Amino acid sequence: MSIFVTKSFMPPIEEYNRQIEDIFENCILTNNGPKVKELERKISEYLGVENFQYVTNGTIALQLALSALDIHDGEIITTPFSYVATTSSILWERCKPVFVDIEPDNFTIDANKIEDAITEKTRAIMAVHVFGYSCNVQKIEEIAKKHNLKVIYDGAHAFGSKYMGKSLLSYGDVSTCSFHATKLYHTVEGGACIVKDKDVSDRLSLQKRFGHNVDNHIMLGINGKQSEFHAAMGLANFPYINDIITDRKRASDLYDNLLKEYVIRPKHQDNLEYNYAYYPVMFKNEAELLKVFDALNAADIFPRRYFYPSLNKLSYVNGENCPISEDISSRIACLPLYYGIENEVIEKIADIIKGVLN
Numbered sequence: 128m129s130i131f132v133t134k135s136f137m138p139p140i141e142e143y144n145r146q147i148e149d150i151f152e153n154c155i156l157t158n159n160g161p162k163v164k165e166l167e168r169k170i171s172e173y174l175g176v177e178n179f180q181y182v183t184n185g186t187i188a189l190q191l192a193l194s195a196l197d198i199h200d201g202e203i204i205t206t207p208f209s210y211v212a213t214t215s216s217i218l219w220e221r222c223k224p225v226f227v228d229i230e231p232d233n234f235t236i237d238a239n240k241i242e243d244a245i246t247e248k249t250r251a252i253m254a255v256h257v258f259g260y261s262c263n264v265q266k267i268e269e270i271a272k273k274h275n276l277k278v279i280y281d282g283a284h285a286f287g288s289k290y291m292g293k294s295l296l297s298y299g300d301v302s303t304c305s306f307h308a309t310k311l312y313h314t315v316e317g318g319a320c321i322v323k324d325k326d327v328s329d330r331l332s333l334q335k336r337f338g339h340n341v342d343n344h345i346m347l348g349i350n351g352k353q354s355e356f357h358a359a360m361g362l363a364n365f366p367y368i369n370d371i372i373t374d375r376k377r378a379s380d381l382y383d384n385l386l387k388e389y390v391i392r393p394k395h396q397d398n399l400e401y402n403y404a405y406y407p408v409m410f411k412n413e414a415e416l417l418k419v420f421d422a423l424n425a426a427d428i429f430p431r432r433y434f435y436p437s438l439n440k441l442s443y444v445n446g447e448n449c450p451i452s453e454d455i456s457s458r459i460a461c462l463p464l465y466y467g468i469e470n471e472v473i474e475k476i477a478d479i480i481k482g483v484l485n
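Quick note: the sequence shown uses the working numbering, first residue 128, plus one each step.
Below is the structure:
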């Protein structure tokens, strides 16, 4: 059987069916139905946040964040080390991404380099909590206040991580999240915005519903609503969040024990309660990474290159030089990690890696 970089958690089917039976009974399929409202309430309580907006996916969440903050032009300081949606959301909103290099230890944007990139055209900072590790939120907040900038955090990987005792998604003017099927907590497809200001949250809520209330058309909007069927999966998965994180920690700890002398791992930050969203490892160079991939693929095991290429090198952007991101992106990958991955599978993966590197 093939082993992929992740495998979606599936709740007991009878628990999902109970959620679906409610939908069949009331015939409400979308348009902010009872399942969506229930999920928003439960996740808000779990995260300890207000102004939680459940939307169709993590990319729309980023676009809505920019729009609700009234950012439709200018420059957005961002990271080159992320999934492409971080950059594409900026471009889609007709803004210009300005890339700032990353920290070599945990791959988040280097906050000490942000001020040098600020110009009179800068409107916001869009940083990423890469792999669920925290950005330097204190430094970024100081810079934003000094220069009157908005802060958006792409927290696609951050669900379940806490920093300084608070959800990592509680920082910034808007934090976004992804509930895609590959995430540790998922609703098949889905995303969210957590908004600091109630007025901005109300604006975002209107924009995700085409910008109108019944026949009163108020502003330009988009369809960012989520369906009852997706919320049903979220509700069925919800009771298992802590179990999922605990099991991923078990798997990560075993990887650590087996591979600690063979690969480079991110530095775990102080005051971070980690969610074990991924298991990233760095090799000495790209050639070494590719040899490991060849050996694992031959055994029907498929890790992934997260993230490659460095986004400043995309053909459709004229990105700044970011040598640290470019170097790291060429030699980093994520090993298979998911709920229920067997110890024997992890041991096999580690043995293959050791065999190549030895």
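No residue lacks a Cβ here, since even glycine has one placed at the ideal position from N, Cα and C. Computed from a prediction, not measured in an experiment: that's the story for all the values here.
Span separating the alpha-carbon of residue i from that of residue j
i, j, result
"R458", "L333", "43 Å"
"L464", "V327", "36 Å"
"Q180", "E167", "7 Å"
"I372", "N343", "44 Å"
"D374", "F136", "12 Å"
"I428", "T186", "29 Å"
"N275", "D380", "42 Å"
"K240", "N263", "12 Å"
"G292", "S442", "40 Å"
"H339", "L347", "8 Å"
"Y433", "Y210", "8 Å"
"L399", "Y260", "8 Å"
"A460", "P231", "15 Å"
"N470", "N485", "22 Å"
"L196", "L417", "42 Å"
"I236", "T206", "6 Å"
"I203", "I217", "7 Å"
"T303", "Y382", "29 Å"
"I345", "S456", "44 Å"
"D200", "L193", "10 Å"
"E447", "N144", "50 Å"
"I147", "F356", "7 Å"
"L385", "K411", "18 Å"
"C449", "E141", "49 Å"
"K335", "H307", "18 Å"
"G160", "I451", "46 Å"
"I321", "K277", "14 Å"
"N445", "I170", "39 Å"
"L156", "G467", "32 Å"
"K272", "S305", "27 Å"
Residue i in three-state terms, based on DSSP
i, result
"R250", "strand"
"E390", "Looking at the sequence provided, one finds Val at residue 390 rather than Glu. Three-state result, V390: coil."
"T488", "Only positions 128 to 485 of the chain appear in the structure, and residue 488 is not among them; the question remains open."
"F151", "helix"
"D383", "helix"
"V176", "coil"
"D228", "coil"
"V257", "helix"
"D370", "helix"
"E220", "coil"
"T133", "coil"
"I473", "helix"
"D281", "strand"
"N210", "First, the residue type needs correcting, since residue 210 is Tyr and not Asn in the sequence shown. In this structure, Y210 counts as coil in the three-state DSSP scheme."
"I204", "strand"
"I236", "strand"
"K272", "helix"
"K289", "strand"
Closest by C-alpha distance to residue i, when choosing among the options
i, options, result
"I252", "I130, Y260, Y280", "Y280"
"Y173", "K289, K272, L191", "K289"
"M409", "F420, H284, Y401", "F420"
"I267", "Y298, G292, M291, F286", "Y298"
"V176", "S216, K323, E388, E474", "K323"
"R330", "E202, I473, I198", "I198"
"L191", "S215, N448, S171, I476", "S215"
"K223", "I451, Y403, T249", "T249"
"T309", "D300, K325, F286", "F286"
"C154", "I170, S354, I368, E165", "S354"
"D300", "E148, K335, L189, P161", "L189"
"S437", "E152, E165, D454", "D454"
"I150", "I140, E141, K162", "K162"
"I130", "L423, K481, L296, N439", "L423"
"D158", "T183, R377, I140", "Note on residue identity: the sequence assigns Asn, not Asp, to residue 158. Measuring from the Cα of N158, the nearest candidate turns out to be T183."
"F258", "H395, A414, N445, I468", "H395"
"A505", "K376, V390, K387, D397", "Lying outside 128 to 485, the shown extent of the chain, residue 505 is not represented and no answer is given."
"V483", "A425, P407, E269, G351", "A425"
"T213", "V255, N178, R221", "V255"
Please list the segments of the beta strand (DSSP E) lying wholly inside the stretch 395-470, counting only runs of 3 or more residues, in order along the chain.
-> Entirely contained in the stretch 395-470, the beta strand (DSSP E) runs reaching 3 residues are, in chain order, 407-409, 459-461.
Return the chain-ordered ranges of every beta strand (DSSP E) run that is complete within the stretch 293-347 and spans a minimum of 3 residues.
-> Within the stretch 293-347, the complete beta strand (DSSP E) runs of at least 3 residues fall at 301-305, 318-322.
Counting Cβ pairs closer than 8 Å, one from the stretch 309-322 and one from the stretch 356-374, do we hit at least three?
-> yes
Count the C-beta pairs between the stretch 240-250 and the stretch 220-227 that are closer than 8 Å, then say yes if the count reaches three, no if not.
-> As far as the Cβ criterion goes, the stretch 240-250 touches the stretch 220-227, which means the pair count is three or higher.
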